[in-house]
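Residue numbers (our numbering): 2 to 421. As structure tokens, the structure follows; a few thoughts come after it.
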Ligand code: UD1
């Protein structure tokens, strides 16, 4: 199994190009199932989760051609309406085929995702939303079996649906389903994440009638059919945020190309509070730091508040900042798996429920560490970049799920990272 070996202590300088967002690409790839003519995407990053989604769509009968970051998908002849346990267990986001399959073909069979490293993560709101649109749903043998065959014209029926928790993939699944439903659907307490907006923008180009994406009420007037279009995936704000924290910690000056500051307000504010200088331009962001940072309190919450997908990286930052920081995780119940590993590098962190108290120390020490999820792995890379000596990160397949060309991008900035 691959490992990363990092020699800490190098400053980062130069330019790095941010990839298309994983969390926008996954629902957008699944939305290809809604279209009767081919869809052409650009900005699709080379990531494990994207490979998994493309494989899943291929099994269903979608014809796919991939050339670098361009992918075209033709779902004119879909033959299977199933996502098996084997697929869903490797990637929970496979649940995103449920809404499109049901809306266009009237039937879907999708495995229930099990628990995962960061908590139980149920999909009850996806299911209840589809039921509100009239779908018949039965859970049998660990599978969600959904059908619209009893409904008028065998189509989902528009409905008002209030989600009692803000759910990103839930909002996306229901928005895709409603796009082909009969009548108007109103999703209340919808997720406002930029990836939801990117999906909505593409669905609109496909012929959908959607308003309000980016606010907490999304209105979708169903249409009879959707067609393919061309779409460039929005830049990855979490990848950008991760590089920004890296520069803040190591010191140096880095310009992030294909990065949008307007998607990162909460993160940029915290970086400035920590002492980094952040300047934004049209389609890029520059971060400058002397590496001497102050502790910053973090509280995760749905967009536009501080993203849970940046919590671990700021935990790493706080381990070497001056002062004491309180880091509170409100989205996932078990998202502090990186703490034990950082403690092995000498970090002073104590956990009380969903809050971690981080007392900054002068140096982390390199150690062999292992990560259990994607963003936790990224936070250990950040810790390794500033630690004294060598850090070995095991189980890096998590990183390959979400960071395109991580070691070559870091090395081009002056880091010393090797994959063995
Ligand atoms: C998405 C992102 C993930 C990010 C998360 C929160 C993708 C592919 N993944 O995950 O990177 O960390 O948003 O920003 O976009 N919940 C329920 N019932 C449901 C659905 C969710 O109780 O039916 C709960 C979850 O357990 C969690 C909270 O709602 O506590 C938010 O989860 P959700 O927004 O759904 O996360 P994902 O969409 O899975």
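Just so it is clear, CB atoms sit at the ideal spot from N, CA and C, and this is done for glycine as well.
Going by beta-carbon coordinates alone, are residue i and residue j separated by less than 9 Å?
i, j, result
"residue 108", "residue 77", "no"
"residue 200", "residue 214", "yes"
"residue 178", "residue 103", "yes"
"residue 53", "residue 2", "no"
"residue 325", "residue 271", "no"
"residue 395", "residue 9", "no"
"residue 370", "residue 381", "yes"
"residue 89", "residue 114", "yes"
"residue 328", "residue 298", "yes"
"residue 332", "residue 301", "yes"
"residue 28", "residue 167", "no"
"residue 13", "residue 400", "no"
"residue 95", "residue 112", "yes"
"residue 65", "residue 55", "yes"
"residue 180", "residue 204", "yes"
"residue 254", "residue 289", "yes"
"residue 230", "residue 36", "yes"
"residue 273", "residue 238", "no"
Could you give the residue range of the alpha helix (DSSP H) that holds residue i?
i, result
"residue 380", "375 to 387"
"residue 68", "It is not in any alpha helix (DSSP H) - residue 68 instead sits in the beta strand (DSSP E) that spans 64 to 68."
"residue 52", "49 to 61"
"residue 341", "338 to 345"
"residue 401", "398 to 403"
"residue 169", "169 to 180"
"residue 317", "312 to 320"
"residue 362", "That residue, residue 362, is in no alpha helix (DSSP H); it is neither H nor E in DSSP."
"residue 439", "It is not possible to answer for residue 439, since the shown part of the chain is limited to 2 through 421."
Between the Cα of residue i and the Cα atoms of the options, which residue gives the shortest distance?
i, options, result
"residue 449", "347, 259, 354", "Any property of residue 449 remains undetermined from this structure, which presents the chain solely from 2 to 421."
"residue 293", "285, 276, 94", "276"
"residue 42", "207, 89, 194", "207"
"residue 7", "405, 379, 236, 304", "379"
"residue 330", "309, 169, 246", "309"
"residue 347", "372, 317, 375", "317"
"residue 250", "135, 110, 351, 321", "321"
"residue 98", "14, 220, 26", "26"
"residue 162", "185, 238, 59", "185"
"residue 377", "402, 389, 31", "402"
"residue 79", "269, 101, 211", "101"
"residue 15", "312, 408, 248", "248"
"residue 336", "350, 353, 312", "312"
Could you please give the first and the last residue of the uninterrupted beta strand (DSSP E) stretch that includes residue i?
i, result
"residue 237", "Element bounds for residue 237: n/a, residue is neither H nor E."
"residue 210", "210 to 212"
"residue 221", "218 to 222"
"residue 161", "161 to 163"
"residue 140", "137 to 141"
"residue 279", "278 to 281"
Where does residue i sit, in a helix, a strand or coil, going by DSSP?
i, result
"residue 127", "helix"
"residue 106", "helix"
"residue 331", "coil"
"residue 77", "coil"
"residue 307", "strand"
"residue 8", "strand"
"residue 146", "strand"
"residue 229", "coil"
"residue 94", "helix"
"residue 300", "strand"
"residue 273", "helix"
"residue 205", "helix"
"residue 263", "helix"
"residue 293", "coil"
"residue 417", "strand"
"residue 188", "strand"
"residue 356", "strand"
"residue 41", "strand"
"residue 372", "coil"
"residue 84", "strand"
Please confirm whether any heavy atom of the ligand NAD lies closer than 8 Å to the CB of residue i.
i, result
"residue 196", "For the ligand NAD, the structure offers nothing, since it holds only the ligand UD1."
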